[in-house]
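K.L.:
Input: one structure, supplied below.
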Amino acid sequence: MSPARTLALLHFRETDATLLPTDDVGALHDLDVDAGLTMPPVAAAFTGFGRAFSPGFAVDATDVVPGSTLATRDLTIRTLIAWDVNGQSVYGQPGTIVARGKGNAPGEFVSYGLELRVVNLPLGVGELRMWWQDTAGNVRTQLGGQFIAPGPDAYMMLTAVRHWVSSSQVELRYYAGDQLLADLVSSDGDIGGGTTGTFCVGTRYAGGAPSRFLVGVIDELQVLNYEITAEETAATWDRMARLQPRGYRAIRDLLPPRAPISDDPGSRFQKLLRIAGHAVGYAAAQAENVRRNLLPDRAYGPALERWEGSIVGESPGPADTAPKRRKRVTSHFSQRAGSSMLGVQAALAELLAIAPSQLQFLGFDNTQREDWSAGLRIERWRADPPAQWTIANGALRVQAASGANLLFNGTTRNWYSCLLSVDATPSWLPGAPSCDAVLQVTPATLPPGAEVGLVFWDWGRVNGFFVGVRNSGGALQVASERFLRAVSQGVTVHATTSLTSHWLQLTQNTSDLIQDPTGESLQPHTVRWSTTGPTTGFSSAGAIPFSYCVNWIGMYARANVTAIGTALDASFGAVAVRSPRGTRPFHWYVYRDPALPGTPDLVGARAALGRLGQAFTVVGVITSKSVLFDDVNTGFDSEPCGGF
Amino acid sequence: MPAAFIASAAVTYSSDPTSGATLLTALVPTATQEGDTLLFAVPSISSKNGDLDVTHLPPGWVIVARFVSPGSAIINIARRTATDLEPPAHTMQLKSAVTAGGALLVYRGLDVGAAAPLGGGIVDVSSSANFDCPSLVLTSYSDLYLGFAFVASTSVQVTSPAGTVERFQAAQFPLDIPLRFEIFELLREATGATGTQTAVAAFSVIGLAASVLLKSTPPHVAPSITPDIPGALGFVTVGV
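Each protein sequence line maps, in turn, to chains V and A. Here the first sequence is numbered in the working numbering, starting from 21 and rising by one per residue. Here the second sequence is numbered in the working numbering, starting from 79 and rising by one per residue.
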């Protein structure tokens, strides 16, 4: 984004037509006339002198440094002008105020143009409208703002603002004085223009020939490379129309009555008083501007940047509008209800462009439940090998072909697993203590040596606690086996069973800590199993020592042979895993449904929510309930480092 | 300001679970701002079943135009002023299950205080390629003429009249029957009769043609200064 600056400022203050108009900021060479055109004569104007434009009278200039007046994005053009609407109507064409480029070649494509059009002469209605050429040279004339023109001797301050959002969206605003004429949206975001373009005032060129001459007096013309706000426009108009004349009157009123000085406004003395009065008015305007526009709901320019940067820590994007930036800042100061649902709704609804009631709050407890109705969610479950785990008939299904190697003996771990990560506080714990898990498993075919069931697993230290249904030489058993540091602590057969549904539960009993000769810290666990239902018919075996912390809990299929004799096929129903010291309750999210209309300010909303969330929580504004990388809705991979 | 078109949205169809009446739902375009005028146009060739059910009109909506043709075709136009917390979608209910078109238009600069519509009309189209939208008399240079061409029996491309700007055209499938709905605008910037505005279908079809006239917000006199003598501080590069 280019720094905000004035691209050109033409005061037309030269007192004689033989003096070429100059650009006060020095971006343009002195303005001159093309062959066949005539220098517009000097005319008395609001600020002193101006130039009277009419058919055949126009000026142009090139940039001192090529490209210094080029603008293909945000732009403001404003002019003090006395427009002769009758003369323009007689002429029969719209009148060009400015056109940056002559339009006949890519280097001369018009990056901005502003013209006045007579809409209805009897009513005196005119229209101020912008136009430009796209990168292919096509003229893109925009809808304008209409107004009733005052008399030809009256000076208007006309302002046209272009805010570029994207290659398919441009916002346009037109003002007369402090009045907003129109606030429009255009799809013509493809804007051409070249560095060598000519800055034309009072005419535009078509096919190399000048046309669309302006009929009126241009007092001043300013082009800025940024979007000025309605507040700034109103403040400028307030200075010129109210405060400067008031300053002059104040100076005059200070003079003693019947002082021996001329009352003639054109006298030299009164002119000196006018200068002093306008200086007073200018100072008053700056103070008035601060008074009105310092606070963040109306701030613009450097003041708004300070609110954003130094005070609330926001970083606006290049396409962000001033109202959008203000909303972000004010949302920080309007957080009256704190980190409550109502408070978050009030702070975020406007930023997210939906009604407060449409925001969804997502919170969590320490039990993770899965019924597989949403499929095998890879953001939650780590299935290995992925191809062996599928969803069928509303359950998780694991399959292994005849001859497959599912050997798991501690040192060899060719098992099939589908595991859920569990964690805990404080963060220095090596895993999650005090876990409890229950699941349903139904083996359809279970070859000799194979086993399916529930596992507590510590990958780093190779501690595992398996509770499952196994085929031991043709006899089906409920059995458990523990591994500490990859060494089996022996198989325990709890019951004989059959190919039917089993509900298996593994619970850590938080009582005494047991030091094991392997160096592991253990605690007693209890195994429960039932073939009746999830809440009835359980048998149990307790006081089984195992590691007090684990990292993963889930389903498995394994074997104690290197090749199973026939195919394995088992299904897992609903599963619940509880890690009571987990961190899930400390995460909460505000979900904004991306299907709802509106343009949410996600960056601003995330910053606002970041300030609302308690320090011990992790919060976020999301537009997807599934967290995956390479997905625009998750907030991951966001710019500047990511691709979204 | 003159009426400025902002966006349009097509409708999706569903049925009221109780009565079975056709429901038309349109999402509010994202460019909609507070104060914009939403126009919901619903044509049908059955004035009995395709009429808007006023007892189920969503909050904030008023029917500003309702024309019935001699052949019992109908068009309803409902209006609403957008709020700062505009609902994401609006649903209109018809009186029964029926084939009907629908579109949501968003305009800025329409005069919601003026009588609406200033005029309008509807004609039956009986197996013709020409959809003759009735002529209306513009009383103000900024009056907005909207023309509607509704192809009721099949989906066939419609071309808007010369000098007008197409604002909406879509194939629609209520009750799985293909239809097409075309809306165009005419901003003549002059008073007097517009003349018949004929939209042309690719081949002869049946349907309806209609038009309405809406009033724009009148422009204001531009603030100005007439100096007694020259001399003032104009634009500056520091301060306002």
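Glycine is no exception: its CB is placed at the ideal position from the N, C-alpha and C atoms. In this text the structure is predicted, and so the values were computed from the model without any measurement.
Residue range of the beta strand (DSSP E) that V:Asp589 falls in?
P.N.:
As a working mapping, residue 589 of chain V is identified with position 569 in the first sequence. Counting along the chain, the beta strand (DSSP E) containing V:Asp589 begins and ends at Leu588 to Arg598.
K.L.:
Name the residues in the region 313 to 338 of chain V whose C-beta lies less than 7 Å from a C-beta of chain D; which are they?
P.N.:
Reference to chain D is not applicable here, since the protein chains of this structure are V and A.
K.L.:
Once you ignore the five residues that flank V:Gly618 on each side, which residues in its own chain have a CB closer than 8 Å to its CB?
P.N.:
Position 598 of the first sequence, counting from 1, holds the residue named residue 618 of chain V. Only Leu372, Ala373 and Ile374 meet the Cβ criterion.
K.L.:
Can you say whether A:Phe281 is buried or exposed, counting buried as having 16 or more other CB atoms within 10 angstroms of its CB?
P.N.:
The sequence position of residue 281 of chain A within the second sequence is 203, counting from 1. Exposed, by the Cβ-count rule.
K.L.:
Using a Cβ cut-off of 8 Å (strictly closer), state whether V:Lys291 contacts chain A.
P.N.:
Walking along the first sequence from the start, residue 291 of chain V turns up at place 271. So yes, V:Lys291 belongs to the interface.
K.L.:
Whose Cβ in chain V lies nearer than 7 Å to the Cβ of A:His298?
P.N.:
On the second sequence, position 220 is the one that residue 298 of chain A refers to. Within 7 Å Cβ-Cβ: Phe167, Ile168 and Gln199.
K.L.:
Is the beta carbon of A:Ala82 less than 8 Å from the beta carbon of V:Leu134?
P.N.:
By one-based count along the second sequence, residue 82 of chain A stands at place 4. By one-based count along the first sequence, residue 134 of chain V stands at place 114. No, the pair does not count as a contact, with Cβ atoms beyond the cut-off.
K.L.:
Just tell me which of V:Pro280, V:Thr249 and V:Ala255 has its CA closest to the CA of V:Leu324.
P.N.:
Counting from one through the first sequence, the residue named residue 324 of chain V turns up at place 304. The shortest Cα separation from V:Leu324 among V:Pro280, V:Thr249 and V:Ala255 belongs to V:Thr249.
K.L.:
Along the beta strand (DSSP E) that carries V:Gly115, what are the first and last residues, could you check?
P.N.:
Position 95 of the first sequence, counted from the first residue, corresponds to residue 115 of chain V. Per DSSP, V:Gly115 belongs to the beta strand (DSSP E) from Gly115 to Arg120.
K.L.:
Between V:Asn309 and chain A, is any beta-carbon pair separated by less than 8 Å?
P.N.:
The sequence position of residue 309 of chain V within the first sequence is 289, counting from 1. For V:Asn309, the answer is yes, since a Cβ of chain A falls inside 8 Å of its Cβ.
K.L.:
May I have a chain-ordered list of the beta strand (DSSP E) segments no shorter than 3 residues that lie completely inside the region 217 to 248 of chain A?
P.N.:
If we require 3 residues or more, the beta strand (DSSP E) runs fully inside the region 217 to 248 of chain A come out as 222 to 229.
K.L.:
Rounded to whole angstroms, what's the CA-CA distance from V:Ala226 to A:Asp162? Just pull it up for me.
P.N.:
Numbered from its first residue, the first sequence carries residue 226 of chain V at position 206. Numbered from its first residue, the second sequence carries residue 162 of chain A at position 84. Whole-angstrom Cα-Cα distance: 44 Å.
K.L.:
What residues from the region 145 to 156 of chain V come within 7 Å of chain A, judged by C-beta to C-beta, listed N to C?
P.N.:
Result list: Val145.
K.L.:
Just the C-alpha distance for V:Tyr320 and A:Pro305, rounded to the nearest angstrom, thanks.
P.N.:
Mapped onto the first sequence, residue 320 of chain V falls at position 300. Mapped onto the second sequence, residue 305 of chain A falls at position 227. V:Tyr320 and A:Pro305: Cα-Cα distance of roughly 30 Å.
K.L.:
In the DSSP output, what is V:Asp52 paired with across the bridge?
P.N.:
In the first sequence, residue 52 of chain V corresponds to position 32, counting from 1. V:Asp52 is bridged to V:Asp80.
K.L.:
Using a Cβ-Cβ cutoff of 8 Å, what residues of the region 30 to 61 of chain V are near chain A? List them in chain order.
P.N.:
Flagged, chain order: His31, Asp44 and Val45.
K.L.:
How many angstroms separate the CA atom of V:Pro468 from the CA atom of V:Leu526?
P.N.:
Working through the first sequence from its first residue, we reach residue 468 of chain V at position 448. Working through the first sequence from its first residue, we reach residue 526 of chain V at position 506. So the two alpha carbons sit approximately 24 Å from each other.
K.L.:
At a CB-CB cut-off below 8 Å, which residues of chain V make contact with A:Thr304?
P.N.:
The count along the second sequence starts at 1 and reaches residue 304 of chain A at position 226. Neighbours of A:Thr304 on chain V, chain order: Pro170, Gly171, Asp173, Ala174 and Tyr175.
K.L.:
Is there a Cβ of chain A sitting closer than 8 Å to that of V:Tyr132, yes or no?
P.N.:
In the first sequence, residue 132 of chain V corresponds to position 112, counting from 1. Not one chain A Cβ lies under 8 Å of V:Tyr132.
K.L.:
Assuming V:Asn245 and V:Ala72 make a contact with CB atoms under 8 Å, what is their CB distance in whole Å?
P.N.:
In the first sequence, residue 245 of chain V corresponds to position 225, counting from 1. In the first sequence, residue 72 of chain V corresponds to position 52, counting from 1. Not confirmed; about 28 Å, so no contact.
K.L.:
By DSSP's criteria, V:Glu191 is part of a beta bridge. Which residues make up the other side?
P.N.:
Here residue 191 of chain V is taken as the residue at index 171 of the first sequence, counted from 1. V:His183 and V:Val205.
K.L.:
A:Ala310 versus chain V: which residues are under 7 Å apart at the beta carbon?
P.N.:
Counting from 1 along the second sequence, the entry for residue 310 of chain A is found at position 232. The contacting residues are Phe66, Thr67, Met260, Gln264 and His298.
K.L.:
Between A:Leu130 and A:Gly180, which are expected to be in contact by the criterion C-beta below 8 Å, what is the C-beta distance as a whole number of angstroms?
P.N.:
If you number the second sequence from 1, residue 130 of chain A lands on position 52. If you number the second sequence from 1, residue 180 of chain A lands on position 102. At roughly 10 Å, the Cβ-Cβ gap does not stay under 8 Å, so A:Leu130 and A:Gly180 are not in contact.
K.L.:
Exposed or buried, which one is V:Val221 when buried takes at least 16 other CB atoms within 10 Å?
P.N.:
The count along the first sequence starts at 1 and reaches residue 221 of chain V at position 201. With 16 or more other Cβ atoms within 10 Å, it is buried.
K.L.:
Taking C-alpha atoms, which residue in A:Ile303, A:Thr96, A:Thr315 and A:Leu286 lies nearest to A:Ser125?
P.N.:
Along the second sequence, read from residue 1 onward, the residue named residue 125 of chain A stands at position 47. Residue A:Leu286 is the option with its Cα nearest to A:Ser125.
K.L.:
Report the three-state DSSP secondary structure of A:His168 (helix, strand or coil).
P.N.:
Reading the second sequence from its first residue, position 90 is the one you call residue 168 of chain A. Strand at A:His168.
K.L.:
Can you give the Cα-Cα distance for V:Ala420 and V:Ser646, rounded to whole angstroms?
P.N.:
Stepping through the first sequence from its first residue, residue 420 of chain V is reached at position 400. Stepping through the first sequence from its first residue, residue 646 of chain V is reached at position 626. Taking the straight line from one Cα to the other gives about 29 Å.
K.L.:
On the DSSP bridge list, what partners appear for V:Gln380?
P.N.:
Taking the first residue of the first sequence as 1, we reach residue 380 of chain V at position 360. The partner list for V:Gln380 (beta bridge, DSSP) reads V:Tyr611.
K.L.:
Using a Cβ-Cβ distance under 8 Å, would A:Pro166 count as near chain V?
P.N.:
Residue 166 of chain A sits at position 88 when you count from the first residue of the second sequence. Yes, A:Pro166 lies at the interface with chain V (some Cβ there is under 8 Å from its Cβ).
K.L.:
Run through chain V and tell me which residues come within less than 8 Å of A:Ala109, C-beta to C-beta.
P.N.:
If you number the second sequence from 1, residue 109 of chain A lands on position 31. What A:Ala109 touches in chain V: Val205.
K.L.:
For V:Gln419, which residues does DSSP report across the bridge?
P.N.:
The sequence position of residue 419 of chain V within the first sequence is 399, counting from 1. Answer by DSSP bridge pairing, in chain order: V:Asp589.
K.L.:
Check each candidate in A:Leu222, A:Leu253, A:Ala167 and A:Ile284 and name the one with the smallest Cα separation from A:Val229.
P.N.:
On the second sequence, residue 229 of chain A is found 151 positions in, with the first residue counted as 1. The shortest C-alpha separation from A:Val229 is found at A:Ile284.
K.L.:
For chain A, check one thing: does any of its Cβ atoms lie closer than 8 Å to the Cβ of V:Asp283?
P.N.:
As a working mapping, residue 283 of chain V is identified with position 263 in the first sequence. Answer no: the Cβ-Cβ gap between V:Asp283 and chain A never drops below 8 Å.
K.L.:
Given a limit of 7 Å on CB to CB distance, which residues of the region 222 to 247 of chain V reach chain A?
P.N.:
Answer in chain order: Asp239, Glu240 and Gln242.
K.L.:
May I ask you to list the residues that DSSP assigns as paired with V:Arg548?
P.N.:
Numbered from 1 along the first sequence, position 528 holds the residue referred to as residue 548 of chain V. Bridge partners of V:Arg548: V:Gln525 and V:Ser560.
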